[in-house]
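Student: Residue numbers (full-length UniProt numbering): 1 to 52. I have a structure here, written as structure tokens, and I will follow up with some questions on it.
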């Protein structure tokens, strides 16, 4: 019975670690471009040359 309990606890820790991204990218984020979102431009700070 103790072995079954230990296996269930380890399985829960494994699934939690996978969901948190401790073992690589999260399954939800596989197709996302997270680096691109971090590099977004701030459009209100852009000024064109020759325009006041």
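We put the beta carbon where it would ideally sit given N, CA and C, even for glycine.
1. If you draw a straight line from the C-alpha of residue 17 to the C-alpha of residue 23, how long is it?
2. Identify whether residue 3 lies in helix, strand or coil by the three-state DSSP scheme.
3. Nearest-angstrom Cα distance between residue 3 and residue 19?
4. Under the three-state reduction of DSSP, which class applies to residue 8: helix, strand or coil?
Tutor: Looking at the atomic coordinates:
1. 7 Å
2. helix
3. 24 Å
4. helix
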